[in-house]
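Visitor: Okay, here's the structure, questions in a sec.
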């Protein structure tokens, strides 16, 4: 099977359409089970009581906000290296979902910070760098819409996305490098998780669910982007891609 | 090299240069990026004098004292090497406890007391059910007393 044919937007469009229901179903299932275990099965925390349960949304959202940014930057980099239209379209489709998760992480963090720390917001390194990530997503999206020529818009926002990648390790390691009010990582690659197994299970399920959700949403958004950007191909033959012709 | 390889090499080189620049900048700003100063840093005179800053560490066990007005509290913040006495008038956050982390904002008075205007609880990264915490505390106690009797149940924790 020749996979590279799917790098053409017209070939990718129907493939994405076939994948969306599967990823949506898996996402709904994982999030439902994750929330059930997290909110009803998992025990209360010995210090925080029930307010800790925000981590089942907060931590997965924060992870996705960083992960999606890296994926977006990789697509932009691949797009610039290969001059591939679909790569830029993927980068364009990822940005809003990444921004949404960044906002969700900041919001749930504030909701947790008030009862736990005694403050909605503090200017420590972790919180500030995550806020900067939200501005980066906004910057990438705004730069794209502010340039009319699509190819220039792709390149400019792609460069901005790539430059912004330096913030990701800063966010991740900020709690290690500097004194922050935000606690260190409970789950890391190098050490045993510092939380009860049932809590960890719920958190990982939620992360998996958010991940599948992201794929489903990004695929449906990239389909919109394809329709929008490929609507007037001077050389195109609508009958070559019946599904696209139909959708029009 | 094909032009495609050249473009990827250019992108890669750009990222490396950017990364090095960021490391250098962060190194230069190292001091300004700390959210709070530890008692040892305060003892070494690294904390700003005559202006407000934050101090962070553990609240020393048995150091929390409340005055009769019910609002003014005294406690000692320690990083096990050095410690600083803190005075604060106001409501403490729920998670504020002896033996747990706290961050206080305020100024150092002439007598070496830290007069705080705001106290925040610093949460740690451990999450567990109350029973597990109890078992851990018990195991710690048993270890401390030398586990002298053979019928003491010692719960292994990792």
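Protein chains in written order, with this note's numbering: chain A, 1 to 248; chain B, 249 to 406.
Here a beta-carbon is modelled for each residue, glycine too, at the ideal position from N, C-alpha and C.
(1) Mind checking whether residue 106 of chain A and residue 86 of chain A have CB atoms under 8 Å apart?
(2) For residue 369 of chain B, which three-state DSSP category applies?
(3) Where does residue 260 of chain B fall in DSSP's three states?
(4) Whole angstroms are fine: how far does the CA of residue 357 of chain B sit from the CA of residue 350 of chain B?
(5) Please report the distance separating the alpha-carbon of residue 204 of chain A from that of residue 34 of chain A.
(6) Let me confirm a value: residue 280 of chain B is counted as buried when at least 16 other C-beta atoms fall within 10 Å, else exposed. Which label applies?
(7) Taking only beta-carbon positions, decide if residue 415 of chain B is within less than 8 Å of chain A.
(8) Using the C-alpha atoms, what's the distance from residue 327 of chain B back to residue 179 of chain A?
(9) Would you grab the beta carbon distance between residue 39 of chain A and residue 53 of chain A for me? Rounded to a whole angstrom, and I think it's under 8 Å.
(10) Give me the subset of the stretch 171 to 186 of chain A whose CB atoms are less than 7 Å from a CB atom of chain C, sorted by chain position.
(11) Could you say which of A:55, A:93, A:79 lies nearest to residue 259 of chain B if we only look at CA atoms?
(12) Exposed or buried, residue 265 of chain B, counting other C-beta atoms within 10 Å across all chains shown (16 or more means buried)?
(13) Please return the same chain residues whose Cβ sits closer than 7 Å to the Cβ of residue 214 of chain A, not counting the five positions on each side in sequence.
(14) Of the residues B:269, B:293, B:302, B:270, which one's Cα is nearest the Cα of residue 283 of chain B?
(15) Quick check on DSSP: helix, strand or coil for residue 181 of chain A?
(16) Jot down the residue ranges of each uninterrupted beta strand (DSSP E) in the stretch 323 to 378 of chain B, minimum 3 residues, whole runs only, in chain order.
(17) Exposed or buried, which one is residue 36 of chain A when buried takes at least 16 other CB atoms within 10 Å?
(18) State yes or no: is the beta carbon of residue 294 of chain B nearer than 8 Å to at least one beta carbon in chain A?
(19) Considering only the alpha carbon of each residue, which of B:261, B:275, B:309, B:341 lies closest to residue 174 of chain A?
(20) Would a C-beta distance cut-off of 8 Å place residue 6 of chain A and residue 226 of chain A closer than the cut-off?
(21) Skipping 5 residues on each side, what residues in its chain have a beta carbon closer than 7 Å to that of residue 202 of chain A?
(22) Just the chain B side, please: which residues come within less than 7 Å of residue 249 of chain A by C-beta, in chain order?
(23) What are the boundary residues of the beta strand (DSSP E) that residue 302 of chain B is part of?
(24) So with Cβ pairs under 8 Å, would you call residue 75 of chain A a contact of chain B?
(25) So what's residue 249 of chain B in DSSP terms, helix, strand or just coil?
(26) Compare the C-beta of residue 199 of chain A with all C-beta atoms of chain B and state if any pair is closer than 8 Å.
(27) Which residues share a DSSP beta bridge with residue 320 of chain B?
(28) Run through chain A and tell me which residues come within less than 8 Å of residue 282 of chain B, C-beta to C-beta.
(29) So for residue 45 of chain A, helix, strand or coil by DSSP?
(30) Using a 10 Å radius around the Cβ and a threshold of 16 neighbouring Cβ atoms, would you call residue 269 of chain B buried or exposed?
(31) I need the boundaries of the alpha helix (DSSP H) containing residue 310 of chain B, first residue and last residue.
(32) Keeping to the same chain, check which residues put their C-beta closer than 7 Å to that of residue 11 of chain A; ignore five residues upstream and five downstream.
(33) Quick one, which of A:118, A:101, A:8, A:159 has its alpha-carbon nearest residue 59 of chain A's?
(34) Using a beta-carbon distance below 8 Å, is residue 162 of chain A in contact with chain B?
Guide: Looking at the coordinates:
(1) no
(2) strand
(3) helix
(4) 19 Å
(5) 8 Å
(6) exposed
(7) This structure gives no information on residue 415 of chain B, because the portion of chain B shown stretches from 249 to 406.
(8) 13 Å
(9) 6 Å
(10) The chain inventory of the structure shown lacks chain C, comprising the protein chains A and B.
(11) A:79
(12) exposed
(13) 64, 68, 97
(14) B:302
(15) coil
(16) 331 to 337, 349 to 356, 362 to 370
(17) exposed
(18) no
(19) B:275
(20) no
(21) 34, 37, 38, 42, 56
(22) Examination of residue 249 of chain A is not possible in this model, given that chain A is present from 1 through 248 alone.
(23) 301 to 307
(24) no
(25) coil
(26) yes
(27) B:337
(28) 178, 179
(29) strand
(30) exposed
(31) No alpha helix (DSSP H) holds residue 310 of chain B; DSSP gives it neither H nor E.
(32) 5
(33) A:101
(34) yes
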